[in-house]
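*Asks:*
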Amino acid sequence: MPQRNIVEAINNALVEEMERDPRVMLLGLDVGKLGGVFRTTTGLIERFGDRRVVDTPLAEASILGASLGLALSGMVPVAEIQFLGFTAQGFHQIGPQLAKYRHRSRGRFPCQVTIRAPFGGGIRSPEFHSDAVEAQFVQSPGLKIVMPSNAYDAKGMLLEAIRDPDPVLFCEPDRLYRLGRMEVPDGDYRVPFGKASVVREGDDITLVAWSAASELCQRAADTLAADGIEACVVDLRTLVPLDVETLVKAVAKTGRAVVVHEAPLSAGFGAEVVATLMEEAFYDLDAPVARVASYDIPFPAASMEHWYLPSLERVVAAARRTVSL
Amino acid sequence: MVERRSILKPDGTIVPGSKPRMDEEFLLEALRLMMLSRAYDERVIGLQRQGRFGVYSPGLGQEASIVGSAMSLDPSRDWIVPQYRELMAVVRQGYPLELITATYMGKTTPDTRIPEGVNVLPTQVALAAQLPQATGLAWGLKLQGKDAVVMAYIGEGGSSEGDFHEALNLAGVQRAPIVFFMQNNQWAISTPRRMQSAVPSFSLRAAGYGFPGVEVDGNDVLAVYDVAVEAVERARAGEGPSLVEAVTYRMGFHNTTDNPSRYLDPAEFEEAKQRDPIQRVIKYLTAIGLWDDERQKTADQEVAAEIERVVEAAQAQRGVRPEMLFDNVYERPPARVERQRAEFLKSVNGH
Ligand SMILES: Cc1ncc(C[n+]2csc(CCOP(=O)(O)OP(=O)(O)O)c2C)c(N)n1
Ligand SMILES: [Mg+2]
């Protein structure tokens, strides 16, 4: 079976879906000849032409608003926002518009739009490029929020996203783009939304994460295992829809949990996870659920990002503390 | 067709009949800054390749736009609001190059920030976000009766953002004392100018906001300076904003992570080299007897020595320390943030 990293898996998903469905088109900054700043769209303009792979003027609001209109016209747009932080320049087209359009039109105008956007720290990016703002979108009902952490999921969830009749924000963890290859089959398969994956079994504690933090938790679980602590790792995969069942089952089984994310602590999606556990798993808990997140400060300069982001040490320490309670 | 203002032609001769405002002494200073800009870019790209410098967008090929525009300002009262590719403009305005260099070397400390009294706002990476801010700055300076002009920089790419339109529109309405200086370097990363806008000259957009727009050869430091001075004088006289489109060419990569071979036609690049902004000044000064090999050698040595001094001074700056991570988020941080800070310091000191 072919081995692919996340960049290659995304590229492969786009190629296959554009072959399959002539309505699918890509638009965004530098997605053409350059193949995107991370090369996820390499070769697509050569293959599908500049009517289906479009380098747009530099304006996120119009990329997003026009995607909505393209969808209404019968196209299936996949918009790329160069970095998730720059959705800010077009947020009014996402939260209040794209997410709500089905509702605003009383079901007349659903929007089959996918927004792809890389994000995340740890690669010494310039200002605004690393911001993990996924939780900001959770307050936009109507929008699905997809956070793959590996190449297999990235392809399967991107295919699912493009075919979803509702708008989907597909956030790509730039730190993991080329971290390694895994088996990613050619051809059609889908990873359904709202199905968290238990990436590692363990009886002592449950680590809950998504996107790049999921990779971090898997390393933390290795470190903990060396100490005799067996950690279960749950990768939520999608924040909306949230797989409450898998989450609650995995936490109830160990009675202890740590939620890890790259966004600042306060009102990060971890808060939603913990509140859900309070409602659904309170009587199964043996210790307070802990959170390891970035601090409640702006993303710092590259030279300080390692202090800001959740680290292996902090995750392991939080897990040890929670196990000892 | 819009007239493209020009004085100094690529071959180093002067357009007949033109009378540049810039005198020879000032031109020698402009040349020094342009040479410094070029040599600095080349030096720090080398440092970046060794892992000693952050992501960097050089001003290669754009030196006349960068320097000529900044020289129209009076640093003691006027302001510069940069995008990110105007490094020598900001230096000319008074932000010491060694402090900027230290910042790029990861020393993002309070010691290397924009010093008090230097009228420059921070580099803006969120494209065009600086423009409404610059309009507000100019408007406020005017409200307070200050004799100050704001020079706000933007790339032709960034000018597609909604903030560009909103900023220019508001500046027009308020007759704010501001010059919107666009460097049209033909590229926004890999996106060519023709895909950015269907307007034949970006300068024409000014009409939509009710103020003048001028197109100038951005590789001609004499013409850039002239046009900028006119716009600054207009603003100072209370006549409101102007838009300047400096038509230039990005003679390097977008930034140190970019690979232009994927999208750039080498022939176009070679052609652009013929319009080099520095060479034409040297040719001109040579022709009027103010430049020769001897002067070139001395100037090269001085520039090289200045860059060495700057790099050494930057290296001598203290680096970041954990205690700085939580600084300057709030004047008085909330208790919860203070607790996070204490936990953080305990955790880093424990290692
Ligand atoms: C709002 C926003 N969107 C996207 C980017 C990513 N980006 C950084 S520079 C750049 C191109 C800018 O082109 P231009 O304004 O012409 O300036 P130049 O780099 O040519 O000086 C892009 C797309 C960004 N920094 N900000
Ligand atoms: Mg440009």
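Going down the list, the protein sequences come from chains A and B. Anchor point for the first sequence: position 266 equals 272 in our numbering, and the numbering is continuous, going up by one each time. Anchor point for the second sequence: position 261 equals 1572 in our numbering, and the numbering is continuous, going up by one each time. Virtual Cβ for every residue (Gly too), placed ideally from N, Cα, C.
List, in chain order, every chain A residue whose beta-carbon is nearer than 7 Å to that of F1580 (chain B).
*Replies:* In chain order: nothing, as chain A lies at least about 15 Å away.
*Asks:* Which residues, in order along the stretch 111-139 of chain A, keep a beta-carbon less than 9 Å from a beta-carbon of chain B?
*Replies:* Going along the stretch 111-139 of chain A in chain order, one finds R130, S131, P132, E133, F134, H135 with a Cβ nearer than 9 Å to chain B.
*Asks:* Between T47 (chain A) and V37 (chain A), is the Cβ-Cβ spacing less than 7 Å?
*Replies:* It is a contact, given that the beta carbons lie within the stated cut-off.
*Asks:* Apply the 10 Å Cβ neighbour rule to P1327 (chain B) and answer buried if 16 or more other Cβ atoms are within range, or exposed otherwise.
*Replies:* The residue in question, P1327 (chain B), is exposed, as its Cβ has fewer than 16 Cβ neighbours within 10 Å.
*Asks:* Just to confirm, does R1396 (chain B) get its C-beta within under 6 Å of one of the non-hydrogen atoms of ligand 1?
*Replies:* True, at least one ligand heavy atom lies under 6 Å from that Cβ.
*Asks:* Would you say R1620 (chain B) reaches chain A, if we count a Cβ-Cβ gap shorter than 7 Å as a contact?
*Replies:* So, not an interface residue.
*Asks:* Are there any heavy atoms of ligand 1 lying less than 6 Å away from the beta-carbon of P85 (chain A), as far as the coordinates show?
*Replies:* It should be noted that the sequence gives Ala, not Pro, for residue 85 (chain A). No, ligand 1 has no heavy atom inside 6 Å of this Cβ.
*Asks:* Are any of the Cβ atoms in chain A nearer than 7 Å to that of T1446 (chain B)?
*Replies:* No, because no Cβ of chain A sits closer than 7 Å to the Cβ of T1446 (chain B).
*Asks:* What residues in the stretch 1468-1491 of chain B bring their beta carbon closer than 7 Å to a beta carbon of chain A?
*Replies:* From the stretch 1468-1491 of chain B, only G1468, G1469, S1471, E1472, G1473 have a Cβ closer than 7 Å to chain A.
*Asks:* I want to see whether chain A comes within less than 7 Å of P1633 (chain B), judged by CB atoms only; does it?
*Replies:* Taking Cβ atoms only, chain A reaches closer than 7 Å to P1633 (chain B), which makes this a yes.
*Asks:* Run through DSSP, which three-state label would V37 (chain A) get?
*Replies:* Residue state, collapsed to three classes: coil.
*Asks:* Less than 7 Å between CB atoms is the rule here; does S1501 (chain B) satisfy it with respect to chain A?
*Replies:* So yes, S1501 (chain B) belongs to the interface.
*Asks:* Short of 8 Å in beta carbon distance, which residues of its chain neighbour Y1276 (chain B), apart from the five on each side in sequence? Order them along the chain.
*Replies:* Beyond the ends of chain B as shown, which are 1312 and 1662, falls residue 1276 (chain B); an answer cannot be given.
*Asks:* Output needed for K106 (chain A): all residues of its chain with C-beta closer than 6 Å, excluding positions within five of it in sequence on either side, in chain order.
*Replies:* Result list for K106 (chain A): G148, in chain order.
*Asks:* Let's see if you can read the secondary structure: which residues bound the beta strand (DSSP E) around H1476 (chain B)?
*Replies:* Per DSSP, H1476 (chain B) belongs to no beta strand (DSSP E); it is in the alpha helix (DSSP H), 1473-1485.
*Asks:* Leaving out five residues on either side along the sequence, give the residues of the same chain with a beta carbon under 7 Å from the beta carbon of T1414 (chain B).
*Replies:* Same-chain partners within the cutoff: T1423.
*Asks:* Please compile the residues from chain A whose C-beta is within a distance smaller than 8 Å of the C-beta of S1508 (chain B).
*Replies:* Near S1508 (chain B) (Cβ distances below 8 Å), the residues of chain A are P63.
*Asks:* Looking at the C-beta of A67 (chain A), does it have a partner C-beta in chain B at a distance below 7 Å?
*Replies:* Yes, because at least one Cβ of chain B sits closer than 7 Å to the Cβ of A67 (chain A).
*Asks:* Measuring from each Cβ to the nearest heavy atom of ligand 2, keep the ones under 7 Å and list them in chain order.
*Replies:* Taking each Cβ in turn, the ones that pass are B:G1466, B:E1467, B:G1468, B:Q1494, B:N1495, B:N1496, B:Q1497, B:W1498, B:A1499, B:R1561.
*Asks:* Taking all protein chains shown into account, decide if I1599 (chain B) is buried (16 or more other Cβ within 10 angstroms of its Cβ) or exposed.
*Replies:* Exposed: under 16 other Cβ atoms inside 10 Å.
*Asks:* At which residues does the beta strand (DSSP E) containing R327 (chain A) begin and terminate?
*Replies:* No beta strand (DSSP E) contains R327 (chain A), which is instead part of the alpha helix (DSSP H) from 318-330.
*Asks:* Which two residues bound the contiguous alpha helix (DSSP H) that contains H267 (chain A)?
*Replies:* Segment 263-270 is the beta strand (DSSP E) holding H267 (chain A); no alpha helix (DSSP H) there.
*Asks:* Curious, which full-length alpha helix (DSSP H) runs of at least 4 residues does the stretch 1512-1581 of chain B contain?
*Replies:* 1532-1547, all fully within the stretch 1512-1581 of chain B.
*Asks:* Any heavy atom of ligand 1 closer than 6 Å to the CB of L70 (chain A)?
*Replies:* L70 (chain A): no, Cβ never under 6 Å from ligand 1.
*Asks:* Identify every residue that forms a DSSP beta bridge with V240 (chain A).
*Replies:* Per DSSP, A:V204, A:V214.
*Asks:* Using a Cβ-Cβ cutoff of less than 6 Å, which residues in the same chain neighbour V257 (chain A) once the five nearest sequence positions on both sides are dropped?
*Replies:* Once the five neighbours on either side are set aside, the close Cβ partners of V257 (chain A) are T212, A263, L283, A287.
*Asks:* Answer yes if the stretch 1391-1404 of chain B comes into contact with the stretch 1420-1434 of chain B, meaning at least three C-beta pairs across the two stretches below 8 Å, and no otherwise.
*Replies:* In short, these stretches touch, since the Cβ pair count reaches three.
*Asks:* Would the beta-carbon of F92 (chain A) be found less than 6 Å away from any heavy atom of ligand 1?
*Replies:* Yes.
*Asks:* Quick check: what's the CA-CA separation for E1605 (chain B) versus F125 (chain A)?
*Replies:* Taking the straight line joining both Cα atoms gives about 52 Å.
*Asks:* Could you tell me if A1518 (chain B) is buried or exposed, where buried requires 16 or more neighbouring beta carbons within 10 angstroms of its beta carbon?
*Replies:* The residue in question, A1518 (chain B), is exposed, as its Cβ has fewer than 16 Cβ neighbours within 10 Å.
*Asks:* Any heavy atom of ligand 1 closer than 6 Å to the Cβ of V37 (chain A)?
*Replies:* Every heavy atom of ligand 1 is 6 Å or more from the Cβ of V37 (chain A), so no.
*Asks:* Given this structure, state the Cα-to-Cα distance separating A325 (chain A) from T260 (chain A), to the nearest angstrom.
*Replies:* Answer to the nearest angstrom: the Cα atoms are 12 Å apart.
*Asks:* Are the C-beta atoms of Y1464 (chain B) and some chain A residue less than 7 Å apart?
*Replies:* Output row for Y1464 (chain B): interface = no.
*Asks:* Applying a beta-carbon distance threshold of less than 8 Å, which residues of chain A neighbour S1658 (chain B)?
*Replies:* Simply E319, R320, A323.
*Asks:* Which word fits V1510 (chain B), buried or exposed, when buried means at least 16 other C-beta atoms lie within 10 angstroms of its C-beta?
*Replies:* Exposed: under 16 other Cβ atoms inside 10 Å.
*Asks:* Compare the C-beta of R1573 (chain B) with all C-beta atoms of chain A and state if any pair is closer than 7 Å.
*Replies:* It does: the Cβ of R1573 (chain B) has a partner Cβ on chain A nearer than 7 Å.
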